[in-house]
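**Q**
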Amino acid sequence: MTYAISVSGLVKSFGQTRALDGLELNVHEGEVHGFLGPNGAGKSTSIRILLGLMRADAGQAQLLGGDPWADATELHRRLAYVPGDVTLWPNLSGGEVIDLLGRLRGGVDERRKTGLIDRFELDPRKKGRAYSKGNRQKVALVAALASDVELLILDEPTSGLDPLMEAVFRDCVAEEKARGRTVLLSSHILSEVEALCDRVSIIRAGRVVESGTLPELRHLTRTSVVAEVASSPYDLADLPGVHDLHISGTRVSCQVEPRHLDELFGRLTTLGLRGVTAAPPTLEDLFMRHYKTASNSSHERPAENAR
Amino acid sequence: MSALTGTGTLVRLVVRRDRLILPLWGLLAAVYPSAIARSTADLYPTAEALRGVAGTAMANPSQQAMRGPVFEASVGGLTAHTVGMSGAILLGLVSMLLVIRHSRVEEESGRRELVGAGVVGRHAPLTAVLAVVFTANLMIAVLMAGTLIGAGLPASGSFALALSLAATGWTFAAVGAVAAQLTESAAVARGIGLGVFIVCFLIRAVGDSSGSAWLSWVSPLGWTLRARAFAGERWWILALLVALAVVLAGAAYRLSARRDLAAGVLPARLGPATATPALDSAPALAWRLHRGQLAAWTAGFAAGGLALGGAVSGGIEAQLNAPQIMEMIARVGGENAEPADFFVNYLLSMLAWIIAAYGILSALRLRTEETAGRADLVLVTPTSRVRWALSHLFMAVVAPATALAALGAGTGLAYSASSGDPGKFPVVLGAALAYLPAVWVMTGIAVLLAGLLPRLSVAAWGIWVVFILLDVFGMLGQVDASVLNLIPFVHVPWVVLGQTAVAPLLLLTAIAAVLGVAGLAGLRRRDIA
C-alpha cells in the first residue's frame, strides 16, 4: 500500500521545548486520517513541517512521494490546506480570496466553487474584516475543497462552524474521500473524527502514542463493565486486567482489558449474574486516557508496539 | 424610561475612560496660544516689525492657504493668524474623534450592547459624550482666554479667539456625531469625519490663497477665522458656528433614532463576489495590498512638494540670517551656496527620511503578513517563498521611488515657478531621486531583519530613528565624522547645490542589493512563523 504521508523519527525543537520528539505518522493514499491530540501536543507543528513552512531538525518526512521542504513548490500543486485560525486580507472580499487562492493553485472550477459557496451559505461579497470567525473558516474551506488536489490537510477546520455547517463539512469530506482524495484531519471534535476517519493517530508531547483503525484502537482499550450479581463479590481485585473496581453491595463496576474479559465474566458467572452492561470504549475514553496522563509519558506504548 | 435616562452615569464613564487624555488635551489646547502670543511679542517688538511679518504672510499664497489672512498687524492679530487653523485642528479634530470613540467604536466593539441592556435611554450615550466634549471645549475656551489676557492681550479679542475655536470644536464634535451614525465601521466613520474636515480646510485654503473670499465663507473653518479676533470682533460668527453645531447634532439624533443598534444608516460596503481576472498571482495580490498606500503617499508628497517649493521664495535669505544657520549652510553646501537652494535641498533631505519610513513599512509587510498568518495561505500554494517575498519587495523598491519622484516633481515645479527659473525643475527632481539609493539601504536593512532575524524586525525602526538623530545633529556639527559616515543619507550629493558625486550612489545601491539578497536567503532557509 502506498502512503500519501510517511513520517518517521521527526524531531523539532523551539529553544528548550521539544515540540516533536520522534514523530511517526503514516497516512495511506485515499484514506481520511484523524490526527488527534491535546493542545500543544505538536499537531500544528507536524502539519507546518509537512507543508514545508518549517524544517525538521531530524527525521524523515515524505509527502506525495516528495520532500516537503525541498520540493515544496511542486508538492503544493497537489495539496490544499485549511488552517485552524484563518486570517484574511481585511480589504479583499471572501469571493476574491477564494478566486485568488484557486488561481494560485492553477485554476478554479467555477461550478464546484459556486456549489460549495451555496452549501456553506457563504456571502462571498463581504470584506475580510467583516467576517466572523466561522465565516473566515468557510472561505478557507471553500477555497480548499474547490481545488482539484490529491491531498487535503485540514487543521481543526470546523472550529467556529455551527452544527449545520459542520454537517455540510462532513458531507464534503465524505465526497472528497469517494473521489479518492486523501485527507489529513486534525480535530478535537471526536464525533467528527469517529464519523469521518478510516484511521486515527493520537499524538501527545510530540510523539504518536496510538495509531490504527478505530476498531483496532478500541481493542487496545478497556471495556467498562457494570454488573449486578447475586452474592456479594469480594475476590475480584486479584483478577488480571481489571481496573477501577468499585463494589457497592451486589453492584460491580470496573474497567477490563479486552483479553481478560473471559476471566472477569467467568468469575461474575460463578457469583450469579443478574444483570450486566458492557460498553466498548468510546473514542472519548480513549482520548481522555491519553490526554489525562500527559504527565507520565513513560508508561505509554509507542505506536509501533500497538499492532 | 425617558430617552435620556442614565446620561449622568455615562458622562462619568466617558470622563473616567479619558481621565488622562481629556486634561492633557485641554491643557495643551488652552495654553499654547498664550505661548505663541508671548513669543510673537518678543520676536517683533516694534510696530514696524509686526507690519513686516504681516506683509510677508499676506504676500505668500502658501501661508495664506495654511493659515488664512492676517486681519491686523498686531501681536493679537498675528497670534490669531498663527493659532487660528492649528487651534481649529486641535479642538475640532480631537472633539470629532472623541465623539466617534465614545459612540461608534463602542457600538462596533459590542460594549454598547452591554450598556444598552441596562437602564439607559436610547439617546443617553450620544448625549453623554456630546455633553462631555461640549463642556471640555467651553472650559478650554475660558482657560485659553484667561491665559491670553495674562499674556497682555485685550480681553475682548482673547475671548473672541478662544470662543471661536471652542465653537469650531462643537461644530466638528457634531460632525463626528453624524458620521458615527452613518456606518457600521468606526474606521469608516473616522474617515468620513476626517474627509469633511479636509474638504472644509481645502475650500478655505483655496478661498484665502486665491483671494476669492466668498469661497472661504462656504467653509465653517473660514468662519472660525472671520470672527476677526483682535481685529474688530464679529461676535455673530459665533452664533453661526453654534447654529451649525445644533443643526448637525439634531441630525445625528434623528439618524440615531431611525437605525438599529450597531447598524449604520449607510449599509456596509460589499466587495465583488468574484475576483477580477487580473488578481491571479502573488505579485497581483501585492499590488492590490500596496496600491492604496502608494496612491496616498505619492499624492501627499506631490502636494507637500508643491507647498514647500512655493514657500521657499527669494525672501528666504532675510529669515535665514541667523549665524548658526549660515554656518550650517556653509558646512553642508560650501561658501557660495544660495540659502534658498540650500533650504530646498535641506527639506528634501528631511522628507527623504519619511520616504525611507515608507520603504521600511512596505518591506516589513513581509513580516506583518507572516505574523498575521496570511502568508501561509499563499505559501501553501505553488508560490515559492522567494516569489512571494519578491512580490512585496518589488513594491517596497518601487513605492519609495514613486514617492521621491512625486516629491521632487512637486517641489521642482513650485520652486521653478516661485524663483522664475525653469532650470530648477530637473535639478530639484534629480536632487530628490538622488536619495533613492539611501532609501533603498533602509529598505534593505528591513528586509535583512525580516529575513534573517524576524523577531527583531521592529529594530529597523530603531535604526531609522537613530540615523535621523545622527543626521540632524551631524548637520549642526555635533557628531564625529566616523560615526556620521555610517548613515547612508550623509553620502547623498546635494544636487540643488551643484554636487554630483555618482560613486556613492552606486555603492549605496550595491549595499542595498546585498542586504536584500541576504534577507531573502535567510527567509528561504528559516521557519515561517
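Residue numbers (our numbering), protein chains in the order written: chain F, 1 to 307; chain B, 1001 to 1529. Note that CB positions come from ideal geometry on N, CA and C, so glycine has one too.
(1) Given a cut-off of 8 Å, decide if V208/F and L25/F are closer than it, judged by their beta-carbon atoms.
(2) Kindly indicate which three-state DSSP category N1345/B falls into: helix, strand or coil?
(3) Any idea which residues DSSP pairs K126/F with across the strands?
(4) Flag G15/F as yes if its beta-carbon sits less than 8 Å from any beta-carbon of chain B, otherwise no.
(5) Show which residues of chain F have a CB atom less than 8 Å away from the CB atom of I1192/B.
(6) Within its chain, find whatever has a CB closer than 7 Å to the CB of V1175/B; leave out the 5 residues flanking it on each side and keep chain order.
(7) Going by DSSP, which residues form a beta bridge with R207/F?
(8) Going by the beta-carbon positions, is the gap between A1434/B and A1396/B smaller than 8 Å?
(9) Just how far apart, CA to CA, sit E1338/B and L1497/B?
(10) Out of N1137/B, S1109/B, M1475/B and S1034/B, which one is the CA nearest neighbour of P1154/B?
(11) Determine the DSSP secondary structure at I1487/B, reduced to helix, strand or coil.
(12) Between the segment 186-197 of chain F and the segment 12-30 of chain F, are three or more C-beta pairs nearer than 8 Å?
(13) Is H1081/B helix, strand or coil when you go by DSSP?
(14) Cutting at 6 Å between CB atoms, please list the residues of its own chain near H1392/B, excluding the five before and the five after it.
(15) Along the segment 1250-1278 of chain B, what residues have a CB closer than 7 Å to any CB found in chain F?
(16) Pull up the distance between the alpha-carbon of L1306/B and that of S1210/B, whole angstroms please.
(17) At which residue ranges does the segment 1351-1417 of chain B contain complete alpha helix (DSSP H) runs of 4 or more residues, listed in the order of the chain?
(18) Identify every run of the alpha helix (DSSP H) within the segment 1018-1074 of chain B, keeping only runs that are complete inside it and at least 4 residues long; order them along the chain.
(19) By how many angstroms is the C-alpha of V142/F removed from the C-alpha of C172/F?
(20) Quick check on H1290/B: buried or exposed, where buried means 16 or more other Cβ atoms within 10 Å of its Cβ?
(21) In whole angstroms, give me the CA-to-CA distance for G1474/B and G1092/B.
(22) Counting along the chain, where does the beta strand (DSSP E) carrying S6/F start and finish?
(23) Does the Cβ of P124/F have 16 or more other Cβ atoms within 10 Å, making it buried, or fewer, making it exposed?
(24) Closer than 8 Å is the cut-off here; do at least three beta carbon pairs connect the segment 46-60 of chain F with the segment 232-246 of chain F?
(25) Of all the options Y234/F, R119/F, A227/F and H260/F, which has the alpha carbon lying nearest to the alpha carbon of S253/F?
(26) Give me the residue from A1180/B, V1178/B, V1142/B and Q1181/B with the minimum Cα distance to S1164/B.
(27) When DSSP labels each residue in this structure, what does R251/F get in the three-state scheme?
(28) Compare the Cα-Cα distances from G1420/B to each of A1252/B, G1310/B, V1441/B and M1442/B and report the closest residue.
(29) In the structure shown, what three-state DSSP assignment does V1099/B receive?
(30) Within 8 Å of any Cβ in chain F, is that where the Cβ of I1354/B sits?
(31) Can you give me the C-alpha to C-alpha distance between F1301/B and P1277/B, rounded to a whole angstrom?
(32) Closer than 8 Å, CB to CB, is V1281/B near chain F or not?
(33) Looking only at its chain, what residues have a beta carbon closer than 6 Å to the beta carbon of S1216/B, apart from the 5 residues adjacent to it on each side?
(34) For the segment 1427-1443 of chain B against the segment 1342-1349 of chain B, are there 3 or more C-beta pairs whose distance is under 8 Å?
(35) Assuming the contact rule is C-beta atoms closer than 8 Å, P1400/B and I1445/B should be a hit. Round their C-beta distance to whole Å, please.
(36) Hey, would you say the C-beta of V1472/B is under 7 Å away from at least one heavy atom of the ligand NAD?
**A** So, to answer that:
(1) Locating residue 25/F in the first sequence gives position 25, where the first residue counts as 1. Locating residue 208/F in the first sequence gives position 208, where the first residue counts as 1. Contact flag set, yes.
(2) Residue mapping note: residue 1345/B aligns to position 345 of the second sequence, counting from 1. Helix, per DSSP.
(3) Position 126 of the first sequence, counting from 1, holds the residue named residue 126/F. According to DSSP, which records beta bridges pairwise, K126/F is partnered with nothing at all.
(4) If you number the first sequence from 1, residue 15/F lands on position 15. It does not: the Cβ of G15/F has no partner Cβ on chain B nearer than 8 Å.
(5) In the second sequence, the residue the question calls residue 1192/B occupies position 192. Result: empty, since nearest Cβ-Cβ is about 17 Å, beyond 8 Å.
(6) For this step, residue 1175/B is matched to residue 175 along the second sequence. Excluding residues within five positions, the ones whose Cβ falls inside 7 Å are M1096, G1193, V1196 and L1248.
(7) Residue numbering aside, residue 207/F sits at position 207 when the first sequence is read from its first letter. DSSP lists R204/F as partners of R207/F.
(8) On the second sequence, position 434 is the one that residue 1434/B refers to. On the second sequence, position 396 is the one that residue 1396/B refers to. Contact flag unset, no.
(9) Locating residue 1338/B in the second sequence gives position 338, where the first residue counts as 1. Locating residue 1497/B in the second sequence gives position 497, where the first residue counts as 1. Their backbone Cα atoms lie some 8 Å apart in a straight line.
(10) To locate residue 1154/B, count along the second sequence from 1; it is residue 154. Nearest C-alpha to P1154/B: S1034/B.
(11) Here residue 1487/B refers to the residue found at position 487 when the second sequence is read from its first residue. It is coil, neither helix nor strand.
(12) no
(13) Along the second sequence, read from residue 1 onward, the residue named residue 1081/B stands at position 81. H1081/B falls in the helix class under three-state DSSP.
(14) Taking the first residue of the second sequence as 1, we reach residue 1392/B at position 392. A1286, R1365 and L1366.
(15) A1268, L1270, G1271, P1272, A1273, T1274 and A1275
(16) Locating residue 1306/B in the second sequence gives position 306, where the first residue counts as 1. Locating residue 1210/B in the second sequence gives position 210, where the first residue counts as 1. About 16 Å.
(17) 1365-1372 and 1374-1379
(18) 1021-1043, 1047-1059 and 1061-1067
(19) Your numbering for residue 172/F matches position 172 in the first sequence. Your numbering for residue 142/F matches position 142 in the first sequence. Those two C-alpha atoms are separated by around 10 Å.
(20) One-based indexing of the second sequence puts residue 1290/B at position 290. Burial call: buried.
(21) The count along the second sequence starts at 1 and reaches residue 1474/B at position 474. The count along the second sequence starts at 1 and reaches residue 1092/B at position 92. Their Cα atoms are separated by approximately 38 Å.
(22) Within the first sequence, residue 6/F is the residue found at index 6, counting from 1. Start and end: Y3 to F14.
(23) Residue mapping note: residue 124/F aligns to position 124 of the first sequence, counting from 1. Buried, since its Cβ has 16 or more Cβ neighbours within 10 Å.
(24) no
(25) The residue labelled residue 253/F in the question sits at position 253 within the first sequence. The candidate whose alpha carbon is nearest that of S253/F is A227/F.
(26) Within the second sequence, numbered from 1, the residue matching residue 1164/B stands at position 164. Cα-wise, what sits closest to S1164/B is V1142/B.
(27) If you number the first sequence from 1, residue 251/F lands on position 251. Note: R251/F maps to strand in three-state DSSP.
(28) The count along the second sequence starts at 1 and reaches residue 1420/B at position 420. Of the listed residues, the one whose Cα sits closest to G1420/B is G1310/B.
(29) In the second sequence, residue 1099/B corresponds to position 99, counting from 1. Residue state, collapsed to three classes: helix.
(30) One-based indexing of the second sequence puts residue 1354/B at position 354. It does not; no Cβ of chain F falls within 8 Å.
(31) Locating residue 1301/B in the second sequence gives position 301, where the first residue counts as 1. Locating residue 1277/B in the second sequence gives position 277, where the first residue counts as 1. Roughly 32 Å separates the two Cα atoms.
(32) Locating residue 1281/B in the second sequence gives position 281, where the first residue counts as 1. Note on identity: in this sequence residue 1281/B is Ser, with Val being the wrong assignment. So, interface residue.
(33) For the purposes of this step, residue 1216/B is taken as residue 216 along the second sequence, with counting starting at 1. Closer than 6 Å at Cβ, skipping near neighbours: R1204, G1207, D1208 and G1222.
(34) yes
(35) Here the question's residue 1400/B lines up with position 400 in the second sequence. Here the question's residue 1445/B lines up with position 445 in the second sequence. So it is not a contact: roughly 13 Å between Cβ atoms.
(36) Summarising the ligand content, the structure contains no ligands, and the ligand NAD is consequently not present.
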